[in-house]
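A quick write-up on the structure given underneath.
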Amino acid sequence: MNDLYQRYIDTYRKLNLFPLLKSDDIERFRITHSAETLARLRSAIVASEANGKLIFTGHRGCGKTTLLNELALEVRKRGLFVEFFSIANMVEMSDVNHINILYAIALRLLRRAIRNEVPIPESTRESLKSWFTQTKSVTYTDQLKKETALGGDFFKVFTAKLQKEDSFRQEIKETYERRVSELAQHIDLIAAAIQTATGKEVLVIIDDLDKLDLGVVEPIFRDNINALFSPQIRILFTIPIAVVREPELVEILETQSSILLLSVTKFFTRDASHQPDAQPIEANVARLQSMLEKRIDADLIEPDVLRQMVLLSGGVLRELVRLGQECCRECMLRFELEPEIRDVKIDGEILAAAVRELRKQYARPLGNNLYELLRQTYESFTPPDTGDPKFLELLHGLYVLEYENDDLWYDLHPLVTDLLKRKNLI
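Residue numbers for the sequence shown follow the working numbering, beginning at 111 and rising by one.
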C-alpha cells in the first residue's frame, strides 16, 4: 500500500476521535474551547440544590460531549459522585422515553457504585440489584431471574436488553408507566446508599439526548417533565437547541431547571456576516484551526485550504470534522482511481470536491418551501417565526445556526448559503 494513502487513512481516523473521552486523546488533541461555558456549568452545579436539574443545549456537534467529560472530571475533584453516560449506549434512540431514561439512570448509578467499590452493605447491594428483575409479568420476572442466575456481568445483561430488546423495553414501560414514582424512589435509594458510604452527593450527566429526533424528545420534556425530574438528585440533561426555542417547551423547562447554552463559535459579527470583504474574528478561526492542525500533518494540506475548511464549518466542530474526513476520502479516491500517482495533497481542488459531496447531503431533504424559509432567514438574520416547526427542524439539522451578540441571531450554514446562491435565491 502506498505510504501516503495509509497516512490519509490514519488522518481520517484521527479526525474520528471526536468527542474526546479518553485521557490519552484529550492530552494529544485537546484545544482550549468554551472555558466560560465550562465555568458556568461548574458554578451552576455547585450552586444548585442537591436535587437540582440542569439543561445543557447547543447545536449538535459543537463540542458538548468533550466539554461535559471535562466537567465530570472537574466536579469529581470537588467532591461529587458523578455518573456520566450517553443515552445512545443504553437505549435504542428511536425508542427513548422518560421511563427508560429513569431506568437507565438507576442501572448506571448502581453499576458505577459497584465498579468504584463503594462500600455498600452486601444485603443492600443485592436488594438494589434484585429490583431490576421485578416486572409486572411473573413469567418475565422468572425469566430475568433465571438469566441473571446463569452468571456473567449483571449490568451488561440488563444494558444489552435495554438497548437491543423491544420486548424488554415494552415490559419496563408497562411496568412503570403508572408507577413512575417507584422508579424515582429506587434511584433515590441507590443515591442514598452511595452518599451514606462515601459522604458525596450524586450528580448524573446524561449525554446525547440532543441527538434524538424532535418528535421523540419533545413529548419527553413537554408531557413527562415532572416524572423525569422527580429523583431527588442532581441531573444534567442535554437537549436539542430547537427544544429551547419552542415557546411552550422552554416555559415548562425554565420553571423547573436552569438552562445553559454552548454557543457556536462565531467567525463574523452580524453586521459583517454577509459582507464580501468581511474580516473574520481571527482568535476564533485560530482556535478551530488548531484542532485540525493537531490531526492533519502540515505536509498533507495547503495552509490556505486549512483556513477555508474552518470558515466553511460555520463554527461547528462536527462539521469541521466532516469536511476534514471528506477531504481525506477524496485523496484516497485519487489513489484508488490512479494507482500510479505518488503525490496527493489536500488542496483547493480536493476541498471543492469534498464541499460538493457535503452540499448534496444538505440538498437532498430540502423542499421548495424550506428554501423560501431559508432565504427569509438569511436576509433578516431571523426567521418569520422562531417557533415554526419547520424552522426548528432546520435548526436541529444544522441548516440554520444560532449565534450570539447582545441578542440572538441566525445565519445559514455556509454550505447551505452556497446552495441558495447556486439557485440564485440570494
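Just so it is clear, CB atoms sit at the ideal spot from N, CA and C, and this is done for glycine as well.
Keep in mind that this is a model prediction, so the values were computed, not measured.
Residue 280 and residue 152 have their C-alpha atoms some 37 angstroms from each other.
With fewer than 16 other Cβ atoms inside 10 Å of its own Cβ, residue 389 counts as exposed. With a contact defined as Cβ atoms closer than 8 angstroms, residue 427 and residue 401 qualify at about 7 angstroms.
Around the beta carbon of residue 318, a 10 Å sphere encloses 16 or more other beta carbons of the protein chains shown; the residue is thus reported as buried. Of the other Cβ atoms in all chains shown, 16 or more fall within 10 Å of the Cβ of residue 346; this residue is therefore buried.
For residue 193, there is no enclosing alpha helix (DSSP H); the residue is part of the beta strand (DSSP E) that begins and ends at 191-196.
Look at residue 347 here: in three-state DSSP terms it is strand. Contact between residue 125 and residue 405 is confirmed by a C-beta separation of about 5 angstroms, below the 8 angstroms threshold.
If you draw a straight line from the Cα of residue 408 to the Cα of residue 209, it is about 49 angstroms long.
For the 8 angstroms CB-CB criterion, residue 188 and residue 156 form a contact. Around the beta carbon of residue 174, a 10 Å sphere encloses 16 or more other beta carbons of the protein chains shown; the residue is thus reported as buried. Counting C-beta atoms within 10 angstroms of its own C-beta, residue 340 has 16 or more neighbours from the protein chains shown and is therefore classed as buried. In the three-state scheme derived from DSSP, where H, G and I count as helix and E and B as strand, residue 369 is classed as strand. The C-beta of residue 474 has fewer than 16 other C-beta atoms within 10 Å across all chains shown, which makes the residue exposed. Boundaries of the alpha helix (DSSP H) harbouring residue 286: 276-286, taken from the DSSP string.
By the Cβ neighbour-count rule, residue 493 is buried, with 16 or more other Cβ atoms within 10 Å of its own. Residue 381 and residue 367 have their alpha carbons spaced roughly 34 angstroms apart. Within the model, the alpha-carbon separation for residue 348 versus residue 375 is close to 19 angstroms. By the neighbour-count criterion, in which 16 or more other beta carbons inside 10 Å mark a residue as buried, residue 529 falls on the buried side. DSSP, reduced to helix, strand and coil, places residue 166 within a strand of the structure shown. Per DSSP, the unbroken alpha helix (DSSP H) holding residue 156 starts and ends at 145-157. Between the region 485-500 and the region 438-446 there are fewer than three C-beta pairs closer than 8 angstroms, too few to call the two in contact. If you ignore the 5 residues before and after residue 163, its C-beta comes within less than 6 angstroms of the C-beta of 339, 345, 367, all in its own chain and listed in chain order. According to the DSSP assignment, residue 460 belongs to no beta strand (DSSP E) but to the alpha helix (DSSP H) extending over 458-473.
Just so you know, the alpha carbons of residue 337 and residue 324 end up roughly 19 angstroms apart.
If you draw a straight line from the Cα of residue 508 to the Cα of residue 363, it is about 23 angstroms long. Within the model, the alpha-carbon separation for residue 183 versus residue 504 is close to 34 angstroms.
Between the region 325-333 and the region 286-301 there are fewer than three C-beta pairs closer than 8 angstroms, too few to call the two in contact. Taking every protein chain shown into account, the CB of residue 350 has 16 or more other CB atoms within 10 angstroms, so this residue is buried. Within the DSSP secondary-structure output, residue 513 pairs in a beta bridge with 519.
Per DSSP, residue 536 has no beta-bridge partner at all.
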